[in-house]
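Residue numbers (my numbering), protein chains in the order written: chain A, 1 to 218; chain B, 1001 to 1259.
Heads up, the thing below is written out as structure tokens.
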């Protein structure tokens, strides 16, 4: 029996957007912590840290997100964990975000003029205080716009989690489509919801970018 | 006297008899470029040294070695009785006891003038915010810009920024001040206010090493002038002798060029 794509079906899809938002938020939070660690390792004086961070970034930037999801999903299964799309999707996306944010933030840390670190060092500030009070606050200003830009990529990237059976916006769309056979309406709705999630963020990113370039123009 | 106070007072008594800075056969390379060649220099307490020489002669590198912004490859640097080559703890100590002023000011742009001055005393010395602010205001008054305390560096002129940088360094109560071309990035009309601040500091008895091309400053303030070229110290002399009867051919050439 074919269901008609009506108000109820529309609402089911809209409600599923909460899982897209939740997955994005958790992956972003995890990726922020991981990304900060990766970025700091990347600019560290310790060679082993730099090598590890560089390798980590290369692997995640050089493979498709879908493969990363598969590897974590099936990898967990092989190592004896129960199949759980939620956990697999969050871990894979958080690792993915760690690598990308790590590389973005490395650039932002290095964009802070060398004299700032030198001035902090000359005042007797050691690594932690110099990073915490001098370098990172300046790097964050530069980082806001590209970070929001990546968040948009990440939100769209969560759609791939549908393939390992995580029921978010895209997967819910597929389910509704299987019942209604109105692919254009269904996926059109899905696309519009993604757009409504991402577009305001892009606007925020652009506004911050202009604000930053105005702030740094001395 | 009990053991503890004896140990605590030991470095201070040792420090008082030592020179402020002693560099012995210091060598440094950047790749194959020999940046410092067998540099020997002893700076007494309260002494004002001006270092000059053509660009690329190693002047900045030399004073940056004193607080270990640059590491040396051979030789020995002893600052205030602490041997830098012994590493670790001593390096931290020396950085706290030497203040540095940079050509490009290097103020922290995201902090107010006051915050620039209080950060290190609070985080490194562990003093309270109120105490740090009191000290900061004292030094901002001394460099004659207390009214700018709440502003951000970008709102100040170059000369004002450099005076903040001097106040910021003084807030750590350094025993030695290093100046790395402090007036070279300034518009001509702002050079004087910074030099005046430095003269005040010199008159108070601060040990100073200044890399500068301000020969008027060198003549009136320096106890000795050091001339460097190609990584070597070629001549060290009192200003009168240095300017009126330079010994070395290259010194004469240099002085001829800048006058």
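Even glycine gets a Cβ: it sits at the ideal position worked out from N, Cα and C.
Just so it is clear, the structure is predicted and the values come from calculations on it, not from any experiment.
Figure out for me which residue from the options has the closest Cα to the Cα of residue i.
i	options	result
residue 147 of chain A	A/60, A/68 and A/97	A/97
residue 20 of chain A	A/133, A/119 and A/169	A/169
residue 1065 of chain B	B/1025, B/1055, B/1032 and B/1044	B/1025
residue 109 of chain A	A/131, A/121, A/94 and A/90	A/131
residue 1260 of chain B	B/1031, B/1035 and B/1049	With chain B covering only 1001 through 1259, there is no way to say anything about residue 1260 of chain B.
residue 31 of chain A	A/174, A/102, A/135 and A/142	A/102
residue 143 of chain A	A/182, A/210 and A/114	A/210
residue 1194 of chain B	B/1077, B/1110, B/1090 and B/1163	B/1163
residue 1140 of chain B	B/1154, B/1116 and B/1158	B/1116
residue 1100 of chain B	B/1027, B/1144 and B/1067	B/1067
residue 1215 of chain B	B/1234, B/1201, B/1203 and B/1244	B/1244
residue 1069 of chain B	A/77, A/208, A/152 and A/118	A/118
residue 1171 of chain B	B/1254, B/1196 and B/1123	B/1123
residue 99 of chain A	A/18, A/83 and A/55	A/55
residue 85 of chain A	A/179, A/189, A/159 and A/10	A/159
residue 74 of chain A	A/92, A/60 and A/112	A/92
Does DSSP put residue i in a helix, a strand or coil?
i	result
residue 1049 of chain B	strand
residue 94 of chain A	helix
residue 1022 of chain B	strand
residue 1172 of chain B	coil
residue 1152 of chain B	coil
residue 1223 of chain B	coil
residue 1074 of chain B	strand
residue 1229 of chain B	strand
residue 124 of chain A	coil
residue 63 of chain A	coil
residue 1126 of chain B	coil
residue 129 of chain A	helix
residue 1131 of chain B	helix
residue 1044 of chain B	coil
residue 1011 of chain B	For residue 1011 of chain B, the predicted structure reports a pLDDT of 42, less than 50, and the residue's modelled location is therefore unreliable. A value from the coordinates is still provided. Helix, per DSSP.
residue 1209 of chain B	strand
residue 1098 of chain B	strand
residue 1238 of chain B	coil
residue 957 of chain B	Residue 957 of chain B lies beyond the residue range present for chain B, which begins at 1001 and ends at 1259; the question has no answer from this structure.
Under 8 Å Cβ-Cβ, which residues of chain B neighbour residue i?
i	result
residue 116 of chain A	1106 and 1108
Between residue i and residue j, is the Cβ-Cβ spacing less than 7 Å?
i	j	result
residue 53 of chain A	residue 72 of chain A	no
residue 94 of chain A	residue 161 of chain A	no
residue 1165 of chain B	residue 1113 of chain B	no
residue 1043 of chain B	residue 1021 of chain B	yes
residue 1095 of chain B	residue 1085 of chain B	no
residue 1019 of chain B	residue 1098 of chain B	no
residue 140 of chain A	residue 69 of chain A	no
residue 1242 of chain B	residue 1221 of chain B	no
residue 1205 of chain B	residue 1186 of chain B	no
residue 1034 of chain B	residue 1231 of chain B	yes
residue 205 of chain A	residue 149 of chain A	yes
residue 1051 of chain B	residue 1211 of chain B	yes
residue 1036 of chain B	residue 1061 of chain B	yes
residue 43 of chain A	residue 1108 of chain B	no
residue 2 of chain A	residue 181 of chain A	yes
residue 1219 of chain B	residue 1239 of chain B	yes
residue 1233 of chain B	residue 1207 of chain B	no
residue 1130 of chain B	residue 1118 of chain B	no
residue 173 of chain A	residue 186 of chain A	yes
residue 105 of chain A	residue 35 of chain A	yes
Is it buried or exposed for residue i, if we count other Cβ within 10 angstroms and need 16 for buried?
i	result
residue 194 of chain A	buried
residue 120 of chain A	buried
residue 1237 of chain B	buried
residue 1073 of chain B	exposed
residue 1183 of chain B	buried
residue 155 of chain A	buried
residue 1229 of chain B	buried
residue 4 of chain A	exposed
residue 8 of chain A	exposed
residue 1001 of chain B	Low confidence applies here, because residue 1001 of chain B scores a pLDDT of 37, under 50, leaving its location unreliable and the question unanswered by this model.
residue 1161 of chain B	buried
Along chain A, which residues have their Cβ under 9 Å away from the Cβ of residue i?
i	result
residue 1102 of chain B	115, 118, 119 and 122
residue 1092 of chain B	124 and 126
residue 1177 of chain B	Per Cβ cutoff of 9 Å: no residues; residue 1177 of chain B is ~11 Å from chain A at best.
Starting from residue i, find everything on chain B with Cβ-Cβ shorter than 9 Å and list it in chain order.
i	result
residue 134 of chain A	1108, 1110, 1111 and 1119
residue 64 of chain A	What residue 64 of chain A touches in chain B: nothing, since even the nearest Cβ is about 39 Å away.
residue 129 of chain A	1119, 1120, 1123 and 1124
residue 138 of chain A	1108, 1109 and 1110
Give me the chain A residues within the contact set of residue i, using Cβ-Cβ distance strictly less than 7 Å, ordered along the chain.
i	result
residue 1096 of chain B	124
residue 1067 of chain B	122
Could you work out which residues of chain A lie near residue i, taking near to mean beta carbons separated by less than 8 Å?
i	result
residue 1172 of chain B	123 and 124
At a cut-off of 6 Å, is residue i close to the ligand FMN when judged by its beta-carbon and the heavy atoms of the ligand?
i	result
residue 147 of chain A	Summarising the ligand content, the structure contains no ligands, and the ligand FMN is consequently not present.
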